[in-house]
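*Asks:* In the numbering used here, the protein residues as written are 62 to 190. If you scroll down you'll find the structure; I have some questions about it.
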C-alpha cells in the first residue's frame, strides 16, 4: 500500500546509516535518532501526548520505500494517507482520522499516533557499540 507523507521539522536528509538509538516512554514518547550508526549525534523527537506507537524493523515497511513519491532520507515524516493509520482504520472501523507520524531510518522505524506535533532537537549521546 503506497504511503503519502511529507518531511516534518528536520529538513536535513539523513544518510542510509541512520538508526534509532533509543525509544523511551514515560507518559511522553522520546525517540533518539542517530544521523549515522558510526557517529554520536542526531536528533531527539519528543511527543508530549500519544495515542499509540509501534517500532518495526524497516524490512516489513519496505512497500512504503518503493513508492515513487516517498520522501526518502528524511527522519521525521507526517503521514497523510496509507501507513499504519489506514490499516487500523480498515481493521477496527475508526470513524475519526488518526494523525500519524513516522520516524524512518535504515535500521528501525517508529510509527506514532498523536494529535500533537512532535518537538525535534539536535542531540548528542554515545552511539551504540
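Using N, Cα and C, we set each Cβ at its ideal position, and we do this for glycine too. The structure presented is a predicted model; accordingly, all values stated were derived computationally and were not measured.
With a threshold of 16 other CB atoms inside 10 Å of the CB of residue 177, please say whether the residue is buried or exposed.
*Replies:* Numbered from 1 along the chain shown, position 116 holds the residue referred to as residue 177. Exposed, by the Cβ-count rule.
*Asks:* Among 165, 141 and 170, which one has its Cα closest to the Cα of residue 159?
*Replies:* Translated into positions along the chain shown, residue 159 becomes position 98. Comparing Cα-Cα distances from residue 159 to each of 165, 141 and 170, the minimum goes to 141.
*Asks:* How is residue 100 classed by DSSP in three states: helix, strand or coil?
*Replies:* By 1-based counting over the chain shown, the position of residue 100 is 39. Of the three classes helix, strand and coil, the one that applies to residue 100 here is coil, per DSSP.
*Asks:* Quick check on residue 179: buried or exposed, where buried means 16 or more other Cβ atoms within 10 Å of its Cβ?
*Replies:* By 1-based counting over the chain shown, the position of residue 179 is 118. It counts as buried.
*Asks:* For the beta strand (DSSP E) that contains residue 95, what are its first and last residues?
*Replies:* Locating residue 95 in the chain shown gives position 34, counting from the first residue. 90 to 95 is the span of the beta strand (DSSP E), which, as asked, contains residue 95.
*Asks:* Any idea which residues DSSP pairs residue 113 with across the strands?
*Replies:* Numbered from its first residue, the chain shown carries residue 113 at position 52. According to DSSP, which records beta bridges pairwise, residue 113 is partnered with 174.
*Asks:* Residue 64 and residue 113: beta carbons closer than 8 Å?
*Replies:* What you label residue 64 is simply residue 3 of the chain shown in a count that begins at 1. What you label residue 113 is simply residue 52 of the chain shown in a count that begins at 1. Against a cut-off of 8 Å, the Cβ pair of residue 113 and residue 64 comes out as no contact.
*Asks:* Just mark residue 146 as buried or exposed, buried being the case when its beta carbon has 16 or more other beta carbons within 10 Å.
*Replies:* As a first step, residue 146 is located in the chain shown; it is residue number 85 there, counting from the start. Label assigned to residue 146: buried.
*Asks:* Quick one: what's got a C-beta closer than 8 Å to residue 184's C-beta in the same chain, skipping five residues either side?
*Replies:* For the purposes of this step, residue 184 is taken as residue 123 along the chain shown, with counting starting at 1. If we look at residue 184 and ignore the five residues flanking it on each side, its Cβ neighbours are 93, 102, 103, 104 and 105.
*Asks:* Assuming residue 145 is part of the alpha helix (DSSP H), what are its boundary residues?
*Replies:* Stepping through the chain shown from its first residue, residue 145 is reached at position 84. Start and end: 144 to 153.
*Asks:* Using only alpha-carbon positions, find the residue among 118, 85 and 69 that is nearest to residue 168.
*Replies:* Locating residue 168 in the chain shown gives position 107, counting from the first residue. Nearest C-alpha to residue 168: 118.
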